[in-house]
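Q:
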Amino acid sequence: MGESRAVVITGASRGLGFASAVRLYREGWRVVAAMRTPEKAMPLLRQAIQDQGLPPPDEDGLIGVQLDLTDAASVSAAAKAIEEAVGAPYAVVHNAGISAAGMVEETDMALWQRMYETNVLGPVALTQALLPSMRAAGEGRIVLVSSAAGVRGQPATAPYSAAKGALERWGESMACEIAPFGLGVTVLVAGTYDTEIITDAGTTDDRNFAGPYARLHNTMNSRGRFAMKMARPPRAVHRRFGKGVGRQRIFSSSRCRAGCINVVVIQSGAARHRDAPHIASHLGHPQTRLDARWDMAVDDESKGDGARRTRSSAAGGAAPGVAGDQAPQRK
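Read in order, the letters of the sequence shown correspond to residues 0 to 330 in numbering that gives the first Met the number 0.
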């Protein structure tokens, strides 16, 4: 049994981050769960893992790290704690984020500042701190959890759409820079899932239903409620996760000659299929629509030069040369 790879997941205290931490731990990864309040969330995460029928997580396999992406000192301390615990992580999943509802005229500039600090600048700072060790290791992947709102601007969510768009453009730029060192980037475009980022716990609501934008607010509110009725719970993202983290179905970029970036589009109940071609052409990358699965987002075996691209077989077999390297499954 090979040594387990380490993955850092930000925003692991709830939603997709929480569900991802549970699933990746179950698959044999060493999970570094980065969050604002590990003293509150780590007991819940450990219990969720035990609810999967696993023994209590050991301290070496599940590690909680305090991280506030809006605080430079916290980001620096978190990066140091991560490297002290696991060395150079194989994957860093930038999942943490906040959302907001309101028209441009209604949203305070302080909200825009906080949005960019949390969704863009914080992830950049953490990546900068971890890249030296990842470069030295010669392999790894930066995973950016984005949204359809980052591809196509949506009314009443301008700060969020702008921040996610910036996150994606950063990922595209960085992908070509780090490819020569054996590192890659995955942009994960998620659909609508029932997580706190789109409820009161994760969204700043600046909507004025009595103001000049009332009609548009009502329209968007109706659409949002419809989307939430069809939204899946976070755990649904991983329904087919257990098939093996080494299987691949999506590959390189036409814009980045190094072929070092992947785009994964996850469908949810409210996702519009007509958005997928737009996403592909806008980003300039081949992409695959996925139904409740994103294991390949973390574990892409391709090297930065883009020379080796392996696909899983039509029967669903593991990609040649990949299955033997995947993390062992915990039982």
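Even for Gly, the Cβ is constructed at its ideal location relative to N, Cα and C.
In this text, all values refer to a predicted model and were calculated from it rather than measured experimentally.
DSSP three-state label for Arg168, please.
A: Position 169 of the sequence shown, counting from 1, holds the residue named residue 168. Helix at Arg168.
Q: Using alpha carbons as the reference points, say which of Gly152, Ser145, Gln49, Ala174 lies closest to Gly139.
A: Looking up residue 139 in the sequence shown gives position 140. When only C-alpha atoms are compared, the closest one is Ala174.
Q: With distance defined between alpha-carbon atoms, name the residue in Thr9, Ser132, Ala189, Ala161 nearest to Gly67.
A: Indexing the sequence shown from 1 puts residue 67 at position 68. The question names Gly, but residue 67 is Asp in the sequence shown. Closest option to Asp67, Cα to Cα, is Thr9.
Q: Which same chain residues end up closer than 8 Å to Ala135 when comparing Cβ atoms and leaving out the 5 residues on each side of it in sequence?
A: Along the sequence shown, one-based indexing puts residue 135 at 136. Cβ neighbours of Ala135 beyond the five flanking positions: Ala87.
Q: Does DSSP put Ser160 in a helix, in a strand, or in coil?
A: Residue 160 sits at position 161 when you count from the first residue of the sequence shown. It is helical.
Q: According to DSSP, simplified to helix, strand and coil, what is His272?
A: Residue numbering aside, residue 272 sits at position 273 when the sequence shown is read from its first letter. Bear in mind that a pLDDT of 35 at His272, under 50, signals an unreliable position, so the number given afterwards is only what the model happens to contain. Three-state result, His272: coil.
Q: Locate the beta strand (DSSP E) running through Met335, then write down its first and last residues.
A: This structure cannot speak to residue 335, because the chain is shown only from 0 to 330.
Q: Among the candidates Val64, Tyr159, Gln127, Gly149, whose CA atom is the shortest distance from the CA of Met114?
A: Reading the sequence shown from its first residue, position 115 is the one you call residue 114. Answer by Cα proximity: Tyr159.
Q: From this set, Gln65, Met102, Gln46, which residue's C-alpha is nearest Asp204's C-alpha?
A: Counting from 1 along the sequence shown, the entry for residue 204 is found at position 205. Closest option to Asp204, Cα to Cα, is Met102.
Q: What is the DSSP secondary structure of Ala18, counted as helix, strand or coil?
A: Position 19 of the sequence shown, counted from the start, is the residue given in the question as residue 18. Helix.
Q: With a Cβ-Cβ cutoff of 7 Å, do Leu61 and Val30 count as a contact?
A: By 1-based counting over the sequence shown, the position of residue 61 is 62. By 1-based counting over the sequence shown, the position of residue 30 is 31. In contact: Leu61 and Val30 (Cβ atoms closer than 7 Å).
Q: Can you list, in chain order, the residues of its chain with a C-beta nearer than 6 Å to that of Gly149? Leave out the 5 residues immediately preceding and following it.
A: Residue mapping note: residue 149 aligns to position 150 of the sequence shown, counting from 1. Hits under 6 Å: Lys163, Gly164, Glu167.
Q: Between the Cα of His93 and those of Asp50, Leu44, Gly52, Ala124, spot the shortest distance and give me the residue it belongs to.
A: As a position in the sequence shown, residue 93 is number 94, starting the count at 1. It is Ala124.
Q: In the DSSP assignment, the alpha helix (DSSP H) including Leu43 goes from what residue to what residue?
A: Locating residue 43 in the sequence shown gives position 44, counting from the first residue. Looking at the DSSP string, the run of the alpha helix (DSSP H) that includes Leu43 is 37-49.
Q: Using the Cβ count rule (16 or more neighbours within 10 Å means buried), how would you classify Gly52?
A: Counting from 1 along the sequence shown, the entry for residue 52 is found at position 53. Counting Cβ neighbours within 10 Å, Gly52 comes out exposed, since fewer than 16 surround it.
Q: Are the beta-carbon atoms of Met34 and Ala11 separated by less than 7 Å?
A: Your numbering for residue 34 matches position 35 in the sequence shown. Your numbering for residue 11 matches position 12 in the sequence shown. In this structure, Ala11 lies closer than 7 Å to Met34 by Cβ.
Q: I'd like the span of the beta strand (DSSP E) that includes Val184, first residue to last.
A: The residue given as residue 184 occupies position 185 in the sequence shown. Per DSSP, Val184 belongs to the beta strand (DSSP E) from 182-189.
Q: Alpha helix (DSSP H) containing Leu125: first to last residue?
A: One-based indexing of the sequence shown puts residue 125 at position 126. It spans 121-136 - the alpha helix (DSSP H) in which Leu125 sits, taken as one unbroken run.
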